[in-house]
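With the numbering used here, the residue at position 480 of the sequence shown is 640, and numbering never jumps.
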Amino acid sequence: MSDKKRVYIFDTTLRDGEQSPGASMNTEEKIKIATQLQRLGVDIIEAGFAAASPGDFDAIRRICEVVDKSTVCSLARAVDKDIIQAGESLMEAKRKRIHTFIATSPIHMKYKLKMSPDEVVRRAVSAVKLAKTFTEDVEFSCEDAGRSEIEFLKEILDAVIEAGATTLNIPDTVGYRLPQEMGEMIRKLHAHVGQRAIISVHCHNDLGLAVANSLFSVMAGARQVECTINGLGERAGNAALEEVVMAMKTRADVFNGYETNINTKEIYPSSRLVSAITGIEPQPNKAIVGKNAFAHESGIHQDGILKCQETYEIMHAEDIGLEKNRLVLGKHSGRHAFKERIEELGFDLSPEDLQKAFERFKVLADKKKEIFDDDIRMLIASEITNIPQAFELVGLQIADCSSGVPSAAVTIRHDGEEITDAGIGDGTIDAIFKTIDRISGHHGLLKDYRVEAVSQGKDALAKVVVNVKFDDESSAVIGHGLSIDTMLASAKAYIGALNSYLSMLPSGCQIDNCEGV
Ligand code: KIV
Ligand code: ZN
């Protein structure tokens with residue numbers, strides 16, 4: 161495919177997606193996702209907002225070490241300090257982009273920025289010029305473009321092109337536009353900009369129109385779409401990558417030969433990985449990756465499909481990499497078979513991680529007769545981590561709480577020493593978490609607790625995801641636990657969150673002047 165007919169996919173799961181309530185990820189998790197995004201064929205990976213926190217900065221830096229095909233992008237407000245940090249976070253990138261933004265709508269300029277339009281243009285130009293000292297590839301975004309005046313957009317875009325911006329992003333930041341209007345705006349801007357830069361769109365889903373708005377924009381000349389896996393993102397989320405890509409593939413007839421470079425068979429594995437890591441499951445009826453997206457319940461449909469698949473299917477499950485949830489391995493499976501299956505599932509583990517995964521698999525296979533692909537995916541996404549295990553669960557005993565006070569005895573290894581304590585709580589899980597708090601000396605405030613069955617069978621694995629704020633820190637962390645036993649999975653998840661929190665210290669948003677943008 162010639163680049164002339166290419167629509168670039170810019171994935172912002174690790175930045176805008178992480179802004180979804182409860183979706184914060186630690187560095188190791190971000191690396192796993194970035195690696196998968198590259199495998200998926202994403203052109204540009206927005207790896208984070210370097211100035212937001214030392215954790216974000218470090219995650220971008222580490223992602224640059226593992227990503228060698230996709231461009232790695234770092235976000236920065238149009239302020240010098242942010243741009244310098246973005247540039248420094250990308251030092252090791254093979255291909256790098258700085259993405260700088262400032263708001264252009266009358267309401268944002270007047271109330272948030274308290275700047276005149278001329279000042280906004282000056283700030284944008286100086287930001288782009290500074291970004292150019294770090295990389296040729298500079299993207300400029302007009303935040304809240306969806307509610308900006310078209311003549312002002314043309315003026316600021318002319319100025320930043322002159323300063324060296326190569327991609328011009330038009331975000332519908334608050335998800336306000338309707339598809340026709342969005343298309344019209346992009347058509348006008350595309351006609352104005354011509355070949356001087358690539359026009360990009362970034363649509364939010366507040367009215368459920370992010371994907372439609374993105375597609376109308378492509379038809380109107382946008383050559384980059386910003387999107388996220390599973391449509392994660394601030395508030396109602398961003399345009400879902402899988403929907404944009406599959407719509408363009410399935411309805412290639414209306415896109416005039418324009419295509420993405422996405423390997424669609426990696427869509428389902430990418431979706432599973434992101435939901436395993438964030439703990440946010442797509443709704444069952446979500447297009448493309450929801451549990452029911454390819455399930456046909458009605459007899460009439462099933463009959464039709466058996467006679468001719470196209471009667472009720474406009475695309476095939478295999479196109480997105482959704483094979484049947486294969487029964488893979490059991491307790492007699494050897495290391496070799498395990499390694500092969502892991503590779504078929506698209507994981508590329510280091511020898512140490514492979515060894516860890518195999519050991520976990522053996523423990524699991526001892527308790528669970530049949531192990532499915534989804535069990536393996538979950539095991540790797542949530543149990544194989546390189547973050548330091550400051551605290552490790554050694555044992556858990558819970559008392560029968562049917563007639564008495566719920567209580568738990570927990571044994572934890574810390575600094576080579578085993579510590580046991582017992583405590584009571586409002587329920588068994590509360591008792592477990594409070595006892596872990598007492599042993600560790602860190603106080604956790606549980607913000608969210610979810611339990612779900614992975615794969616099938618009476619002995620299905622329980623996956624527990626917790627969202628906890630420790631020691632009154634401003635941001636919560638996620639922890640995962642996987643076990644046949646829900647209480648054990650809960651204890652593992654809580655300790656996982658604690659280790660993740662400790663690995664990210666010092667943490668917290670370091671943005672010292674959020675009014676500046
Ligand atoms: O929604 C938005 O405007 C953004 C910008 C930073 C591109 O996320
Ligand atoms: Zn956004």
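Think of the CB as a built atom: it goes at the ideal place given N, C-alpha and C, for glycine as much as any other residue.
**Report entry** Residues near Val624 by beta carbon distance below 6 Å, same chain, minus five either side
**Finding:** Val611, Gly641, Ala649, Ser650, Ala653
Query raised in the report: Which residues mark the beginning and the end of the beta strand (DSSP E) in which Val625 is found?
Result: 621-630
Query raised in the report: Would you say the beta carbon of His603 comes nearer than 7 Å to a heavy atom of the ligand GTP?
Result: The ligand GTP is absent from the structure shown, which contains only the ligand KIV and the ligand ZN.
Report task. Tell whether a beta-carbon distance below 8 Å holds between Leu235 and Arg283. Result -> no
Report task. For Gln444, I'd like the list of residues in its chain whose CB is within less than 7 Å of its CB, leaving aside the five on either flank, ordered along the chain. Result -> Strictly speaking, residue 444 in this sequence is Pro, with Gln absent from that position. Closer than 7 Å at the Cβ level, and outside the excluded window around Pro444, lie Gly450, Lys451, Asn452.
Query raised in the report: With respect to 7 Å, is the separation between the Cβ of His683 and the closest non-hydrogen atom of the ligand ZN below this value?
Result: The shown model of the chain, from 161 to 677, leaves out residue 683, and the question about it has no answer.
**Report entry** Collapsed DSSP secondary structure at Phe498 in the structure displayed
**Finding:** helix
Query raised in the report: Can you tell which of Val523, Arg432, Asp171, Thr595 has its C-alpha closest to the C-alpha of Val614?
Result: Arg432
Query raised in the report: In the structure shown, what three-state DSSP assignment does Asn329 receive?
Result: strand
Report task. Return yes when the C-beta of Thr333 is under 7 Å from any heavy atom of the ligand KIV, and no when it is not. Result -> yes
Report task. Return the bridge partner residues of Ile258 from the DSSP annotation. Result -> Ser234, Val298
Query raised in the report: Mind checking whether the beta-carbon of Asp176 lies closer than 7 Å to any heavy atom of the ligand ZN?
Result: yes
Requested in this report: Determine the DSSP secondary structure at Gly393, reduced to helix, strand or coil.
Outcome: coil
Query raised in the report: Does DSSP put Val554 in a helix, in a strand, or in coil?
Result: strand
Query raised in the report: Since Gly397 and Cys363 are thought to touch, with beta carbons under 8 Å apart, how far apart are those beta carbons, to the nearest angstrom?
Result: Contact doesn't hold; Cβ gap of about 10 Å is too wide.
Query raised in the report: Say the cut is 7 Å; is the CB of Asn329 nearer than that to a heavy atom of the ligand KIV?
Result: yes
Requested in this report: Decide if Glu504 is buried, meaning its Cβ has at least 16 other Cβ atoms within 10 Å, or exposed.
Outcome: exposed
Query raised in the report: How is Ala399 classed by DSSP in three states: helix, strand or coil?
Result: coil
Query - Meets three-Cβ-pair contact criterion under 8 Å: the region 347-361 and the region 373-384 - result: yes
**Report entry** Contact belief for Ala238 with Phe261 at Cβ below 8 Å, rounded distance in angstroms
**Finding:** 7 Å
Report task. Would you tell me roughly how many angstroms separate the C-alpha atoms of Val694 and Asn627, rounded to the nearest one? Result -> No information on residue 694 is available, as it lies outside the stretch 161 to 677 that the chain covers here.
**Report entry** Rounded separation between Leu662 and Leu328 - CA only
**Finding:** 39 Å
Requested in this report: Tell me whether the beta-carbon of Pro331 lies closer than 8 Å to the beta-carbon of Ala372.
Outcome: no
Query raised in the report: Can the beta-carbon of Thr410 be found closer than 8 Å to that of Ile474?
Result: yes
Query raised in the report: Just the Cα atoms here: how many angstroms apart are Val202 and Ile599?
Result: 44 Å
Query raised in the report: Do you know offhand how far Met275's Cα is from Lys241's?
Result: 19 Å
Requested in this report: Give the single residue among Ile204, Ala323, Ala212, Pro442 whose Cα lies nearest to the Cα of Arg257.
Outcome: Ile204
Query raised in the report: Tell me which same chain residues have a C-beta within less than 6 Å of the C-beta of Lys724, skipping the five on either side of it?
Result: Any property of residue 724 remains undetermined from this structure, which presents the chain solely from 161 to 677.
Query raised in the report: Of the residues Glu188, Gln355, Gly177, which one's Cα is nearest the Cα of Ile540?
Result: Glu188
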